[in-house]
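Letter 408 of the first sequence, counting from 1, is numbered 462 in our numbering, and no numbers are missing. Taking it in order: structure first as structure tokens, then the write-up.
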Amino acid sequence: MSYRVRRLRIVRGDPSILHVDLDAMFAAVEQRDKPSLRGKPVVVGGVAGRGVVSTASYEARVFGVRSAMPMAQARRLAPWSTAYLSPRFAAYKRTSEVVMRLLGEVSPLIEQVSIDEAYVDLAATGTDLSVDGVTALALELKARIATATGGVTGSIGAASSKLLAKIGSDLNKPDGLTVVPPGEELAFLHPLPVNRLGGVGPATEQRLHRSGVRTIGDLAAVSLEHLIDWFGQSHGAGLFRLARAQDDRPVISEREAKSVSAEETFGIDVTDPVRLKRELDLLSARVAGRLRSGGLAGRTVNIKVRHGDFTTVTRAFTRDHPTDDGRLVAQLARRLLSEVDTSGGIRLLGVGVSTLTDFAQDDLFSETQHAADLFPVLPVAGISDEPAMIAAPPPAAILSAVPADGPAPVTSGPSSPESSKSPEFPAPEGSGVAQTGAEPGTEDGPVAWRPGQDVLHDEMGAGWVQGSGLGRVTIRFEGPLTVRGPVRTFAVDDPRLHPTDPPSWVIS
DNA sequence: TCTGGGGTCCTAGGACCC
DNA sequence: TCTGGGGTCCTAGGACCC
55 MSYRVRRLRI VRGDPSILHV DLDAMFAAVE QRDKPSLRGK PVVVGGVAGR
105 GVVSTASYEA RVFGVRSAMP MAQARRLAPW STAYLSPRFA AYKRTSEVVM
155 RLLGEVSPLI EQVSIDEAYV DLAATGTDLS VDGVTALALE LKARIATATG
205 GVTGSIGAAS SKLLAKIGSD LNKPDGLTVV PPGEELAFLH PLPVNRLGGV
255 GPATEQRLHR SGVRTIGDLA AVSLEHLIDW FGQSHGAGLF RLARAQDDRP
305 VISEREAKSV SAEETFGIDV TDPVRLKREL DLLSARVAGR LRSGGLAGRT
355 VNIKVRHGDF TTVTRAFTRD HPTDDGRLVA QLARRLLSEV DTSGGIRLLG
405 VGVSTLTDFA QDDLFSETQH AADLFPVLPV AGISDEPAMI AAPPPAAILS
455 AVPADGPAPV TSGPSSPESS KSPEFPAPEG SGVAQTGAEP GTEDGPVAWR
505 PGQDVLHDEM GAGWVQGSGL GRVTIRFEGP LTVRGPVRTF AVDDPRLHPT
555 DPPSWVIS
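Right, here's the structure in full:
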């Protein structure tokens, strides 16, 4: 006997959805870890010239500092005693994991929305779903979060829908709790300003204000026809429903990534084409590395260019086959960049890959073919194990040029073909750690390296560079190579950083 | 010292196919 | 001769979220 499963429109009666939101999380973690900052204004974000605020502590918010505000403006507003800090994502991630584990003990069905935010569905847990029951559970959860994180607090909203739970968690921040009793949804919702609704940003808010719509109650008085006329079918109809508290979006625990991207805003607008090329290569390598670590590959390569005047253009190209090869991505990205006028200077450059598939589904043969098409002139060193084909300056000369910070030895040895895409060309064996920056476990931290993993693919058998932050890069190897030297680190502004110029990186 | 970086979703228009 | 219509894929841009 088989059943056809359908998604039923279940309108919940109970406040069985929690939205948990950690309060000013980045700043709270900093204040937890650095007692001298407690009680003082703390601003976390891009500290350098063009940075923006990620999170301001509540002490800083008093002075009007807000998320997404230019750091320069924050500095003008906040007092002398304010601490300005670069984010330490690894620390935030650890705290996040502690909290998510606690949520997982409350219900198996949790949806993590971001590093500091999650929905919890209590419907299937056997919890007492009365207002009193949910209130008691939420209070206990809040206490456990504060204890487990060493003092980082969370605000919780509990309601019969995601929409109301989310609004509720925001209402009494910080350290707040709002439970919306069944039947009181509209009374709760309608007095609030329209921008409390998810999906109502500055543009939508402005358009609504022009029509005299300021509260969600006002919005509920607008006809569906008007809303669709103003905002299009999807957005218009969505607003119509949300204004009536009609929201049956389920809590979904797993979501598949749709795109992977990396971008960089330069401290000063860049005009130099060579520099732009190099940045494109680094961004491509970063994206490809993340694709591979996620077991993904994509068919569409996108670039994003922001000009000095903040106008932004994108260009995209869709291949027939998915790739996770940084050099292929870089090649296409460069072609796309050549279609854009960069003579006036570029503020931001970005590279992305979308139309993703699990890489396991890809046809290895066609992928290899495609790569060969792109590099027809070059001898495919990959098919030979003749190192002379990729002759290069002696690695010792390269590696000794810049002193390494904390090199760990990498030993040469036999292949580990199982994770290599070109099994006949052994990836170097061994393991190593490259010191790249601040904290273990972050992109900027020491990067553990294992053979066949996280190795940039290179048919030409060239050594290759993967960029990471804080002025350091990690060197990675693949191909018919024997790695003799230790993994080293280099200053990012090293002029030899040309991932697309393999000979300068080959170690044979 | 104006405006980060990682995403998601939607729309509109053109190409192309049936 | 006049001009179909729906569906899908792709590209570019924009709004929005944390």
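For each residue, glycine too, the CB sits at the ideal point set by N, CA and C. Here the structure is a predicted model, which is why all the values come from computation and not from measurement.
On a Cα-Cα basis, can you pick out the residue from the options that is closest to residue i?
i: V107; options: R86, R130, G93; result: R130
i: G105; options: I322, S223, A197; result: I322
i: A408; options: A342, R261, Y173; result: It is worth fixing the name first, because residue 408 is Ser in this sequence and not Ala. If we check each option's Cα against that of S408, A342 comes out closest.
i: L191; options: R346, I71, P376; result: I71
i: R92; options: A137, A145, S223, V234; result: A137
i: A370; options: G404, T207, G290, S265; result: G404
i: R198; options: V152, V328, P256; result: V152
i: K196; options: D229, S184, F413, L183; result: D229
i: T258; options: A274, P69, L281; result: L281
i: L240; options: L296, P256, D186; result: L296
i: V185; options: G399, E238, A128; result: E238
i: S397; options: H263, S288, L139, D326; result: D326
i: T109; options: Q287, G255, I169; result: I169
For residue i and residue j, I'd like the C-alpha separation in whole angstroms.
i: A202; j: V188; result: 21 Å
i: E171; j: F320; result: 30 Å
i: R120; j: F80; result: 13 Å
i: F285; j: L243; result: 21 Å
i: L156; j: R261; result: 41 Å
i: R344; j: G406; result: 11 Å
i: E279; j: R250; result: 22 Å
i: R346; j: R298; result: 44 Å
i: T377; j: R353; result: 6 Å
i: Q385; j: N356; result: 12 Å
i: L231; j: T181; result: 18 Å
i: M123; j: R115; result: 11 Å
i: D374; j: V314; result: 18 Å
i: P141; j: V98; result: 6 Å
i: D77; j: A274; result: 30 Å
i: R389; j: T372; result: 13 Å
i: S277; j: S90; result: 54 Å
i: L176; j: G222; result: 16 Å
i: P69; j: D363; result: 47 Å
i: L217; j: V324; result: 43 Å
i: R309; j: G290; result: 25 Å
i: G118; j: S135; result: 15 Å
i: K94; j: A128; result: 15 Å
Are there 16 or more other CB atoms within 10 angstroms of the CB of residue i, so buried, or fewer, so exposed?
i: A311; result: exposed
i: D73; result: It is worth fixing the name first, because residue 73 is His in this sequence and not Asp. Buried, since its Cβ has 16 or more Cβ neighbours within 10 Å.
i: G205; result: exposed
i: L193; result: exposed
i: R332; result: buried
i: V233; result: buried
i: V328; result: exposed
i: A126; result: exposed
i: S466; result: Confidence at S466 is low in this model, with a pLDDT of 31, below 50, so its placement is unreliable and the value that follows should be read with caution. Exposed, since its Cβ has fewer than 16 Cβ neighbours within 10 Å.
i: E113; result: buried
i: A442; result: Low confidence applies here, because A442 scores a pLDDT of 24, under 50, leaving its location unreliable and the question unanswered by this model.
i: L330; result: buried
State the CB to CB distance for the pair residue i and residue j, rounded to an integer number of angstroms; the pair is presumed to be in contact (CB under 8 Å).
i: G380; j: A339; result: 4 Å
i: S111; j: V96; result: 4 Å
i: L391; j: L334; result: 6 Å
i: G67; j: S265; result: With a Cβ gap of about 34 Å, G67 and S265 do not count as contacting.
i: A145; j: D87; result: 7 Å
i: P236; j: G271; result: Contact doesn't hold; Cβ gap of about 20 Å is too wide.
i: K358; j: E318; result: In fact, because the Cβ distance is near 10 Å, the residues do not count as touching under 8 Å.
Got a sec? Which residues, its chain only, sit under 8 Å from residue i by beta carbon, not counting five neighbours each side?
i: A178; result: S161, P162, L163
i: E393; result: R369
i: K227; result: D75, D77, S209
i: M154; result: I164, Q166, A172
i: G158; result: I164
Apart from the five residues just before and just after residue i, which ones in its own chain have a Cβ nearer than 7 Å to its Cβ?
i: P570; result: Nothing can be reported for residue 570, as the shown portion of the chain is limited to 55 through 562.
i: K220; result: H73, G211, G252
i: E165; result: A172, Y173, V305, I306, S307
i: D412; result: G349, L350
i: V83; result: A145, Y146, T149, V206
i: V383; result: S338, V341, A342, V355, T377, V405, V407
i: Q85; result: L91, R92, V96, S111
i: F294; result: L278, L281
So, for residue i: in the same chain, excluding its five sequence neighbours on each side, which residues have a beta-carbon less than 6 Å away from its beta-carbon?
i: R360; result: T366, R401, L402
i: L225; result: T232
i: G255; result: none
i: S288; result: none
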